[in-house]
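Engineer: Dropping a structure here in structure tokens format, bear with me for questions.
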Ligand code: HEM
Ligand code: HEM
Ligand code: HEM
Ligand code: HEM
Ligand code: HEM
Ligand code: SF4
Ligand code: SF4
Ligand code: SF4
Ligand code: SF4
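Chains as they are written, first to last, in our numbering: chain G, 344 to 709; chain D, 296 to 375; chain H, 366 to 767.
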């Protein structure tokens with residue numbers, strides 16, 4: 344389909360409710376032919392797999408890392424590579440990787456060589472660390488407590504060998520959410536990072552009058568910490584009730600909560616979304632606060648390394664982080680990682696009771 | 296109620312609520328349902344007002360229907 | 366020439382082996398004044414450790430209530446290029462497949478009307494075009510629509526549905542995730558573009574219980590492919606795996622949650638009546654084991670992030686639904702469920718929260734379903750249940766005890 348960009352745009356010509364283009368326009372012929380008729384796949388190396396159809400046809404996939412934030416220059420570069428080796432066909436993964444789809448085996452190795460020469464990083468397939476699901480952070484979001492892209496880059500630089508070559512007991516899925524909105528699905532990742540606040544929002548009474556509605560703002564607070572302040576035509580916050588979720592700020596810009604010194608990063612672990620072996624699990628908080636320290640967040644990286652290394656050393660084959668922890672038990676997890684157990688680890692929210700230990704079954708770890 | 300009259304009343308409802316109450320599409324539909332207007336007619340009337348550029352959808356922790364003039368004012372005020 | 370900023374902190378993030386977003390921003394900044402100021406602003410955020418963006422929920426394109434995320438900079442005087450810096454969400458093709466031609470088209474439009482910065486993709490699934498001004502929104506939407514693309518969803522609306530790669534390139538896909546996603550997206554264009562719900566509503570479809578798109582954790586409606594037939598076993602291939610060093614007992618039999626596999630060193634047996642359809646054995650013995658029809662989907666509802674009541678995972682509503690075009694059953698269900706939710710939901714209440722508030726019974730009766738054990742992990746524990754008129758009519762115990 345030829346794409347057209349008119350010199351002069353007549354906005355009256357805009358069509359509405361047409362939806363996205365049909366996906367068939369973008370499928371390589373070998374996929375169109377074998378759609379729904381795949382037999383198996385083989386992982387040939389961490390950045391290369393081949394899918395074999397019942398017809399015997401094959402398609403090779405070469406996966407490279409992407410920072411998700413892409414300039415048009417880079418998009419044009421990958422389009423050019425796809426033209427040269429893939430008849431123009433490529434795709435992206437849910438975890439932001441780029442996949443080149445090759446139908447002609449003789450082009451596989453030359454493509455790999457060219458990608459390496461252009462400094463693309465191949466990997467991420469199989470039992471290892473894949474790219475990080477993450478949110479916008481300081482690049483584009485008003486509620487970010489920490490940046491996302493910078494933290495992702497720092498993490499992946501540290502774990503790059505586990506993307507390109509080394510294996511882990513099972514896949515390790517990382518995610519970053521830059522505030523507790525958690526746009527990113529961090530609540531179900533093996534190891535995830537969440538930007539958090541630790542102080543109550545400041546109230547700009549003057550702006551409140553202009554910008555915010557009292558009922559909406561009060562209703563936004565999950566703990567009912569917000570009460571009216573009729574004298575000021577504004578609100579008060581009961582400090583002892585506030586859990587710094589920033590929900591009220593989302594509804595009312597006159598309640599800023601961002602704070603360079605007191606915002607930080609929490610680490611949650613043990614979540615999974617797949618149904619394999621054990622049911623999907625939520626991530627649980629294991630580190631309640633680490634300093635927000637750009638550009639490389641050294642404390643966060645070091646803490647992650649400790650958790651990651653303990654998992655690689657202790658898990659049996661096919662165990663995800665959460666399955667490993669369930670087998671050894673949380674008391675042992677805290678012992679082997681050395682993470683101090685603090686007040687913040689004990690739940691006092693909706694599902695608190697379900698997390699208390701209602702049994703005398705305990706492992707002695709010290 | 297005829298379509299133009301309904302549109303006028305919807306517009307007036309939103310105009311008079313400005314600064315006091317924000318209406319979601321469903322709130323408007325329920326308001327006119329109580330006056331005997333079928334849901335689908337109110338919905339179509341809202342659509343015509345929005346397509347005609349008189350009303351817009353805004354998003355402040357939930358989507359609302361507001362006067363289109365709000366955008367201009369908003370863009371002027373935002374840098375204050 | 367665009368404005369050049371000193372970026373010592375961000376320069377740090379150009380080092381190291383993983384591809385750098387800073388390098389991407391610099392590429393765009395070299396040609397585009399908006400991108401240049403975005404880079405300068407980000408350096409300032411890195412120095413001051415705070416974000417400098419303002420909320421902006423009003424701007425959009427004529428007729429639509431979504432697809433544009435309004436964004437304004439708090440430091441517009443210092444960084445005029447990003448004073449307005451709106452995001453445009455373009456509805457991605459299902460499965461995230463592209464041709465080079467389509468990619469170049471998007472680049473051409475975006476170099477002309479925006480910052481040159483993109484996300485492939487946002488975590489909603491849309492193509493994210495980062496940074497443009499209000500006046501460019503209508504021309505952008507027009508050009509995209511003339512070339513077959515439309516805006517995605519935002520606001521209290523149906524959000525852009527998304528899916529896993531499915532039958533396009535995965536042998537385990539038991540439903541046509543791409544077709545379902547395309548079809549539902551087309552079916553609900555009005556709900557996607559004109560926010561009429563109490564809050565957002567997301568649909569994610571995956572081909573099997575591996576759930577490569579995190580449907581169960583990130584979608585109000587999770588459609589997860591599954592199967593009812595027996596698992597077909599190619600004994601020779603299993604033996605091959607054993608020969609190549611897979612410890613069948615440890616890695617397959619012992620990890621099966623249904624405890625329904627046995628291995629005598631030569632033959633693998635599965636008691637399908639106890640299989641939980643988890644996919645472990647099938648994925649680990651790729652090519653040797655195969656699910657067989659009937660194929661369909663488990664339909665779950667309700668997942669959302671932690672705000673307000675705490676996070677939830679989706680829970681089962683339909684244990685099994687056939688998923689054949691034109692997908693009428695799921696469409697009817699979505700309409701009934703969202704109408705009920707629009708009627709009774711409070712502002713910002715997700716559908717799952719409403720079900721918890723009014724009760725599963727209320728919801729199931731609305732959509733015309735009877736209770737089944739597959740919907741729960743276990744029956745209730747307390748003795749404080751409600752009775753409705755007629756529950757004991759027909760003496761339900763009689764046919765059971767006969
Ligand atoms: C403690 C940490 C948690 C983290 C790190 C986390 C992370 C995430 C992440 C990464 C997403 C991604 C959404 C996307 O990519 O579209 C997400 C979305 C979501 N999370 Fe969480 N989450 C956490 C807790 C929870 C909890 C406890 C729940 C619910 C019980 C929850 C429910 C959801 C839901 C429903 C979504 C949907 C996202 C969407 O529709 O896009 N999260 N969360
Ligand atoms: C009373 C005021 C406001 C409330 C209650 C509010 C609330 C929210 C909430 C709850 C969201 C959630 C988004 C989602 O669920 O995806 C949101 C998103 C957003 N808000 Fe606000 N907000 C307010 C004011 C503003 C203002 C003044 C702006 C802009 C100037 C703004 C811009 C946005 C944007 C762009 C999004 C993201 C939209 C999306 O992801 O679809 N908001 N807001
Ligand atoms: C009060 C609650 C929330 C607010 C105020 C909010 C606000 C926002 C805003 C402002 C953005 C746009 C970021 C940008 O492009 O600049 C956004 C994006 C997004 N939000 Fe939310 N959000 C809220 C809750 C949630 C929840 C609960 C989920 C999911 C469970 C979610 C999922 C997403 C996703 C997937 C994106 C796209 C992020 C990306 O592509 O990087 N949001 N949200
Ligand atoms: C309709 C509900 C219930 C009724 C009619 C009921 C009735 C009774 C009766 C008649 C006794 C014996 C008293 C005695 O031996 O003097 C008893 C004891 C007890 N009930 Fe309940 N009960 C109910 C619910 C529950 C529930 C829900 C629990 C726990 C969750 C519970 C926990 C106990 C315990 C632990 C005892 C033993 C007390 C003891 O040994 O001193 N009961 N209950
Ligand atoms: C439908 C709900 C329930 C009813 C009607 C009920 C009723 C009873 C009754 C009548 C007794 C007294 C037995 C006796 O005097 O010997 C009892 C004992 C007890 N119940 Fe339940 N119960 C219920 C649920 C539960 C639940 C959910 C739990 C715990 C999770 C529980 C734990 C106990 C315990 C620990 C005893 C004492 C047993 C003993 O003394 O040996 N009950 N329950
Ligand atoms: S997680 Fe929070 S800060 Fe990050 S993009 Fe989402 S709403 Fe914005
Ligand atoms: S930050 Fe959260 S808990 Fe605190 S007042 Fe605001 S809404 Fe309530
Ligand atoms: S969810 Fe299942 S069908 Fe879809 S890509 Fe993953 S393994 Fe394949
Ligand atoms: S799919 Fe899961 S439950 Fe079923 S036999 Fe295989 S491992 Fe067991």
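Note that the Cβ used here is the ideal one computed from N, Cα and C, for glycine as well.
(1) Nearest-angstrom Cα distance between residue 734 (chain H) and residue 683 (chain H)?
(2) Within 10 angstroms of the Cβ of residue 638 (chain H), are there 16 or more other Cβ atoms? Answer buried if so, exposed if not.
(3) Taking residue 567 (chain H) and residue 544 (chain H) to be in contact with their CB atoms under 8 angstroms, please state how far apart those CB atoms are, rounded to whole angstroms.
(4) Where does residue 778 (chain H) fall in DSSP's three states?
(5) Should residue 508 (chain G) go down as buried or exposed, given a rule of 16 or more other Cβ atoms within 10 Å for buried?
(6) Does the Cβ-Cβ distance between residue 633 (chain H) and residue 613 (chain H) come in under 8 angstroms?
(7) Starting from the Cα of residue 745 (chain H), find the closest Cα among H:755, H:725, H:732 and give me that residue.
(8) Do we get a CB-CB distance below 8 angstroms when we pair residue 355 (chain D) with the residues of chain G?
(9) Once you ignore the five residues that flank residue 385 (chain H) on each side, which residues in its own chain have a CB closer than 7 angstroms to its CB?
(10) What would DSSP say about residue 554 (chain H), mapped onto helix, strand or coil?
(11) Compute the Euclidean distance between the alpha carbons of residue 653 (chain H) and residue 606 (chain H), then round it to the nearest angstrom.
(12) Taking Cβ-Cβ distances shorter than 8 angstroms, what residues in chain H pair up with residue 335 (chain D)?
(13) Between the region 391 to 406 of chain H and the region 464 to 483 of chain H, do three or more beta carbon pairs fall short of 8 angstroms?
(14) Quick one: what does DSSP say residue 463 (chain G) is sitting in, helix, strand or coil?
(15) Can you give, in chain order, each stretch of the beta strand (DSSP E) that sits fully within the region 297 to 363 of chain D and has at least 3 residues?
(16) Compute every distance between the C-beta of residue 623 (chain H) and the non-hydrogen atoms of ligand 9, then say whether any falls below 7 angstroms.
(17) Under the DSSP definition of a beta bridge, which residues are partnered with residue 385 (chain G)?
(18) In this structure, does DSSP put residue 744 (chain G) in helix, strand or coil?
(19) Going by DSSP, what residues sit across from residue 717 (chain H) in a beta bridge?
(20) Excluding five sequence neighbours on each side, which residues of the same chain lie with their C-beta closer than 6 angstroms to the C-beta of residue 667 (chain H)?
(21) Against chain H, does residue 364 (chain D) count as a neighbour if the rule is that its beta carbon must be under 8 angstroms from one of theirs?
(22) Could you run through the region 430 to 446 of chain H and flag, in chain order, every residue whose CB is less than 7 angstroms away from some CB of chain D?
(23) Assuming residue 590 (chain H) is part of the beta strand (DSSP E), what are its boundary residues?
(24) Mapping the DSSP letters down to three states, classify residue 475 (chain H) as helix, strand or coil.
(25) Straight-line CA distance for residue 302 (chain D) to residue 331 (chain D)?
(26) When DSSP labels each residue in this structure, what does residue 439 (chain G) get in the three-state scheme?
(27) With distance defined between alpha-carbon atoms, name the residue in G:510, G:420, G:407, G:492 nearest to residue 477 (chain G).
(28) Comparing alpha-carbon positions, which option in H:721, H:711, H:592 lies nearest residue 693 (chain G)?
(29) Where does residue 619 (chain G) fall in DSSP's three states?
(30) If I measure Cβ to Cβ from residue 357 (chain G) and keep anything under 7 angstroms in the same chain, skipping five residues before and after, which residues do I get?
(31) Buried or exposed, going by whether 16 or more other CB atoms sit within 10 Å of the CB of residue 766 (chain H)?
(32) Is the beta carbon of residue 496 (chain H) less than 8 angstroms from the beta carbon of residue 447 (chain H)?
(33) Which chain D residues sit within Cβ distance under 9 angstroms of residue 499 (chain H)?
(34) Chain H beta carbons: is any one of them nearer than 8 angstroms to that of residue 345 (chain D)?
(35) State the Cα-Cα distance for the pair residue 715 (chain G) and residue 486 (chain H), rounded to the nearest angstrom.
Structural biologist: Taking the structure as given:
(1) A direct Cα-Cα distance of roughly 9 angstroms separates residue 734 (chain H) from residue 683 (chain H).
(2) Here residue 638 (chain H) is exposed, its C-beta having fewer than 16 other C-beta atoms within 10 Å.
(3) That pair is no contact at about 19 angstroms.
(4) As shown, chain H starts at 366 and ends at 767. That puts residue 778 (chain H) outside it, with no answer to give.
(5) It is exposed - the Cβ of residue 508 (chain G) has fewer than 16 other Cβ atoms within 10 Å.
(6) The answer is yes: Cβ separation under 8 angstroms.
(7) Relative to the Cα of residue 745 (chain H), the nearest Cα in the group H:755, H:725, H:732 belongs to H:725.
(8) It does; some Cβ of chain G falls within 8 angstroms.
(9) So the list reads 378, 379, once near-sequence residues are dropped.
(10) The three-state reading of DSSP puts residue 554 (chain H) in helix, counting H, G and I together.
(11) Between the alpha carbons of residue 653 (chain H) and residue 606 (chain H) lies a gap of roughly 9 angstroms.
(12) The contact set of residue 335 (chain D) on chain H, defined by CB atoms closer than 8 angstroms, is empty, because the minimum CB distance reaches about 12 angstroms.
(13) Because the criterion of three Cβ pairs below 8 angstroms is met, the region 391 to 406 of chain H and the region 464 to 483 of chain H touch.
(14) Of the three classes helix, strand and coil, the one that applies to residue 463 (chain G) here is coil, per DSSP.
(15) Runs of the beta strand (DSSP E) inside the region 297 to 363 of chain D: 350 to 354, 358 to 362.
(16) Yes, Cβ of residue 623 (chain H) sits closer than 7 angstroms to a heavy atom of ligand 9.
(17) Among the bridge pairs identified by DSSP, residue 385 (chain G) is matched with G:393.
(18) No answer is possible for residue 744 (chain G): it lies beyond the span of chain G, which begins at 344 and ends at 709.
(19) Note: residue 717 (chain H) sits in no beta bridge, so no partner.
(20) Correct list, in chain order: 677, 679, 680, 717.
(21) It does not: the Cβ of residue 364 (chain D) has no partner Cβ on chain H nearer than 8 angstroms.
(22) Answer set for the region 430 to 446 of chain H: 430, 437, 441.
(23) In this chain, the beta strand (DSSP E) harbouring residue 590 (chain H) covers 586 to 592.
(24) Helix at residue 475 (chain H).
(25) Each residue's alpha carbon lies about 15 angstroms from the other.
(26) Assignment of residue 439 (chain G) by DSSP, reduced to helix, strand and coil, places it in the coil class.
(27) Ranking the options by Cα distance to residue 477 (chain G), first place goes to G:492.
(28) Residue H:721 is the option with its Cα nearest to residue 693 (chain G).
(29) Coil, per DSSP.
(30) The same chain holds no residue with a CB closer than 7 angstroms to that of residue 357 (chain G) once the five nearest residues on each side in sequence are set aside.
(31) With fewer than 16 other Cβ atoms within 10 Å, it is exposed.
(32) Contact check for residue 496 (chain H) against residue 447 (chain H) passes: the beta carbons are separated by less than 8 angstroms.
(33) Neighbours of residue 499 (chain H) in chain D, taken as residues whose beta carbon is under 9 angstroms from its own, are 366, 370 in chain order.
(34) Yes, because at least one Cβ of chain H sits closer than 8 angstroms to the Cβ of residue 345 (chain D).
(35) No answer is possible for residue 715 (chain G): it lies beyond the span of chain G, which begins at 344 and ends at 709.
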